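**Q** So my numbering is basically just the index in the sequence shown, starting at one, shifted up by 34.
No residue lacks a Cβ here, since even glycine has one placed at the ideal position from N, Cα and C.
What you are looking at is a predicted structure, and each value in this text was computed from that prediction instead of being measured.
Take a look at this one; I'll ask things after.
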Amino acid sequence: MKSSIVIVQWWWLLILSILGTYVSSFGILPSQHRSIVTVSTQLKADSSISNEAADFVVPYGEESRKFRRDVFSHDDWIRHRRSDRFIYNLKTIVSSGIWRQLKEEVTTVTLIATAVCIVNGLSTGFVDLDGVKHDAVASMLPLLAFPALPFTLASPSLGLLLVFRTNASYARWNEARIQWGVMGTECRNIMRMTAAWSSPLREPNKEKRVAAVAEVGNACYVFFRTLLRHVSGPPDEESFQNDLYNALPIEEAKPIDEAGNRQLRALFYLSRCIESLPLSERQRIEVDKACVIIGDTMGGTERVYGTPVPLSYTRHTSRFLTVWLLLLPLALYEPFAYTWNHIGMIPASAIISVFLFGIEEISIMLEEPFSILALPGMVASMKGFSEQLPQWHDYYTNEEYNMNIYGGEECAPGSNIKVAIPETKSAEITESIDENSSRKVNVAPHWYFT
């Protein structure tokens, strides 16, 4: 009878330990945070995804990636470096998305630690809840304990693996961020140059010029949106289709939609729009240089998206870490002999596993950077900029376009347009425009600038 009471006490200890560890580590989460999200219907419709892959469910950690697209303002930076940030970060542990993702792994380590505590207590003796020392109940059971030395020797190697893994993932995140920044900057440069350089001397009809400038801005947005679809995967397909066909007429949208490489086809469309602008040859070359930079950078984006950190490295790090943490409770049994029935090893195992598994989880989160970067915001910003672009060009009047700042290059052979040259510069001009022959102009080094 006494043995039965003791066993019941140990089972209560097991239950309380598991519940206590779970609540302290992850909190009692609201139902909306514990739910899982079914993959969208569009994913099931995608012919490249098998039926088995389409039926899986997305856990909270995957679904929450869209909430990690941080873009800081002035107030955000102030909050970020406030003096009580350490206390604040501790207070918000239970709502951490990283911790929620590790629930299964940490619970497994906690169960192993609890089992080790219980089995060793039954095989070597234990102290009950009343503080009474009892002899072994099942002395035939082996003592589950390892020396700490193997874990001490393996720790530096594990630490290096985790550091290199995290650094490689961060480098990919940083590279993707820079790449999208470069492409965004070059798209804005294209729009700025087209709005400023589209000349009434080449296209007197202002409405046609404004329409051509607007088309270039819209093409920049379409390129950005198409590249976002590429790095977002099939779940973004339905939204992409709506955005594409709303932005372009069907005869322009359909070739992009049906292309094997949509983003490259969208860049081709942008190049064709630039060709229709009323620009000089030199200006067109300058604008096309930005397209070349965008194409080169786009190739880097495709490389980051399609090539992970070598899988052998990732898998070896994961296996090493998992085995190390699953066996860790065996090494913590003796160091916690001063606690009641070695029970201190249970929360210690849970806390260590949370932080070490957390490092590996962060590296996995950063490895594919596009779903945690604020790319949808960048695309929306590009769309807003493209919609303002025609207004920028519309502000100009024909009189504001001075051919002299281009060294007279706006004057095509045979043009009747006269170049207004300041008297102080007239002596420096050795040749002038011959209206019946090719243009030859030698000017002072400053090219008429005042």
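If you run the structure through DSSP and keep just helix, strand and coil, what is residue 161?
**A** Within the sequence shown, numbered from 1, the residue matching residue 161 stands at position 127. Residue 161: strand per DSSP, three-state reduction.
**Q** What's the gap between the Cα of residue 395 and the Cα of residue 362?
**A** Taking the sequence shown and counting its residues from 1, one reaches residue 395 at position 361. Taking the sequence shown and counting its residues from 1, one reaches residue 362 at position 328. About 19 Å.
**Q** Within this structure, are the beta carbons of residue 324 and residue 220 separated by less than 7 Å?
**A** Counted from its first residue, the sequence shown places residue 324 at position 290. Counted from its first residue, the sequence shown places residue 220 at position 186. Contact: yes.
**Q** Between residue 206 and residue 400, which are expected to be in contact by the criterion C-beta below 8 Å, what is the C-beta distance as a whole number of angstroms?
**A** As a position in the sequence shown, residue 206 is number 172, starting the count at 1. As a position in the sequence shown, residue 400 is number 366, starting the count at 1. Between residue 400 and residue 206 the Cβ distance is about 7 Å, and since that is below 8 Å, they are a contact.
**Q** For residue 255 and residue 412, which I take to be in contact (beta-carbon distance under 8 Å), what is that distance rounded to the nearest angstrom?
**A** Within the sequence shown, numbered from 1, the residue matching residue 255 stands at position 221. Within the sequence shown, numbered from 1, the residue matching residue 412 stands at position 378. 11 Å between Cβ atoms; not a contact.
**Q** Would you list, in sequence order, the uninterrupted alpha helix (DSSP H) runs of no fewer than 4 residues that lie entirely inside the segment 177-211?
**A** Segments of the alpha helix (DSSP H) lying fully in the segment 177-211: there are none.
**Q** Within the chosen definition, does the segment 335-343 reach the segment 260-269 through at least 3 CB pairs nearer than 8 Å?
**A** Yes, the segment 335-343 is in contact with the segment 260-269.
**Q** Taking DSSP's pairing of strands, which residues face residue 168 in a bridge?
**A** Sequence index remark: in the sequence shown, residue 168 carries index 134 (1-based). Note: residue 168 sits in a beta bridge opposite 160.
**Q** What is the residue span of the alpha helix (DSSP H) that residue 386 lies within?
**A** Here residue 386 corresponds to residue number 352 of the sequence shown, with the count starting at 1. Its alpha helix (DSSP H) spans residues 379-401.
**Q** May I ask you to report which of helix, strand or coil DSSP gives residue 109?
**A** Taking the first residue of the sequence shown as 1, we reach residue 109 at position 75. Residue 109 falls in the helix class under three-state DSSP.
**Q** Check whether the segment 380-391 and the segment 133-142 touch, using three or more Cβ-Cβ pairs below 8 Å as the test.
**A** Yes, since at least three Cβ pairs between the segment 380-391 and the segment 133-142 fall closer than 8 Å, the two stretches touch.
**Q** Quick one: grab the DSSP three-state call for residue 277.
**A** Taking the first residue of the sequence shown as position 1, residue 277 is located at position 243. Looking at residue 277 - three-state DSSP - the assignment turns out to be helix.
**Q** Does residue 389 pass the burial test, meaning 16 or more other C-beta atoms within 10 Å, or should it be called exposed?
**A** Numbered from 1 along the sequence shown, position 355 holds the residue referred to as residue 389. By the 10 Å Cβ count, residue 389 comes out exposed.
**Q** Label residue 160 either buried or exposed according to how many other C-beta atoms from any shown protein chain fall within 10 Å of its C-beta, with 16 as the threshold for buried.
**A** Taking the first residue of the sequence shown as position 1, residue 160 is located at position 126. So residue 160 counts as buried.
**Q** Look at the Cβ atom of residue 304, then the Cβ atom of residue 245, and state whether they are nearer than 7 Å.
**A** Taking the first residue of the sequence shown as position 1, residue 304 is located at position 270. Taking the first residue of the sequence shown as position 1, residue 245 is located at position 211. No, the pair does not count as a contact, with Cβ atoms beyond the cut-off.
**Q** So, using beta-carbon positions, are residue 335 and residue 213 closer together than 7 Å?
**A** The residue you call residue 335 lines up with position 301 of the sequence shown. The residue you call residue 213 lines up with position 179 of the sequence shown. It is a contact, given that the beta carbons lie within the stated cut-off.
**Q** In its own chain, which residues sit with a C-beta less than 6 Å from the C-beta of residue 1, not counting the 5 before and 5 after it?
**A** The first residue shown for the chain is 35 and the last is 484, placing residue 1 beyond what the model contains.
**Q** For residue 217, is the classification buried or exposed, using 16 other Cβ atoms within 10 angstroms of its Cβ as the cut-off for buried?
**A** By 1-based counting over the sequence shown, the position of residue 217 is 183. Classification of residue 217: buried, given that the 10 Å Cβ count is 16 or more.
**Q** Give the range of the alpha helix (DSSP H) segment to which residue 250 is assigned.
**A** Within the sequence shown, the letter at position 216 stands for residue 250. First-last of the alpha helix (DSSP H) with residue 250: 240-266.
**Q** Which same chain residues, not among the five before or five after residue 191, have their C-beta less than 8 Å away from its C-beta?
**A** Position 157 of the sequence shown, counted from the start, is the residue given in the question as residue 191. Contacts found: 354.
**Q** Please classify residue 109 as buried or exposed, where buried requires at least 16 other C-beta atoms within 10 Å of its C-beta.
**A** Your numbering for residue 109 matches position 75 in the sequence shown. Per the 10 Å Cβ criterion, exposed.
**Q** Is it buried or exposed for residue 425, if we count other Cβ within 10 angstroms and need 16 for buried?
**A** In the sequence shown, counting from the first residue as 1, residue 425 sits at position 391. Classification of residue 425: exposed, given that the 10 Å Cβ count is below 16.
**Q** In angstroms with no decimal places, state the Cα-to-Cα distance between residue 350 and residue 357.
**A** Stepping through the sequence shown from its first residue, residue 350 is reached at position 316. Stepping through the sequence shown from its first residue, residue 357 is reached at position 323. Approximately 11 Å between the Cα atoms of the pair.
**Q** Using alpha carbons as the reference points, say which of 144, 151, 215 lies closest to residue 409.
**A** To locate residue 409, count along the sequence shown from 1; it is residue 375. When each option's Cα is compared against that of residue 409, the closest is 215.
**Q** Say whether the segment 177-194 touches the segment 276-288, bearing in mind that this needs 3 or more beta-carbon pairs closer than 8 Å, one atom from each stretch.
**A** Judged by Cβ distances under 8 Å, the segment 177-194 makes no contact with the segment 276-288, as fewer than three pairs qualify.
**Q** Given this structure, state the Cα-to-Cα distance separating residue 131 from residue 201, to the nearest angstrom.
**A** As a working mapping, residue 131 is identified with position 97 in the sequence shown. As a working mapping, residue 201 is identified with position 167 in the sequence shown. The straight-line gap from Cα to Cα measures roughly 21 Å.
**Q** CB-CB under 7 Å to residue 188, same chain, minus the five flanking residues each way: which ones, in chain order?
**A** Against the sequence shown, residue 188 aligns to sequence position 154. Taken in chain order, the residues that qualify are 358.
**Q** For the alpha helix (DSSP H) containing residue 363, list its first residue and its last residue.
**A** On the sequence shown, position 329 is the one that residue 363 refers to. Start and end: 345-366.
**Q** Helix, strand or coil: which one does DSSP assign to residue 118?
**A** Position 84 of the sequence shown, counting from 1, holds the residue named residue 118. Looking at residue 118 - three-state DSSP - the assignment turns out to be coil, as it is neither helix nor strand.
**Q** Between the alpha carbons of residue 222 and residue 232, how many angstroms are there, rounded?
**A** Here residue 222 refers to the residue found at position 188 of the sequence shown. Here residue 232 refers to the residue found at position 198 of the sequence shown. Looking at the two C-alpha atoms, the distance is approximately 15 Å.
**Q** Comparing alpha-carbon positions, which option in 375, 178, 297 lies nearest residue 360?
**A** Numbered from 1 along the sequence shown, position 326 holds the residue referred to as residue 360. Taking only the C-alpha atoms, the option nearest residue 360 is 178.
**Q** Out of curiosity, what's the CA-to-CA distance linking residue 367 and residue 183?
**A** By 1-based counting over the sequence shown, the position of residue 367 is 333. By 1-based counting over the sequence shown, the position of residue 183 is 149. Whole-angstrom Cα-Cα distance: 13 Å.
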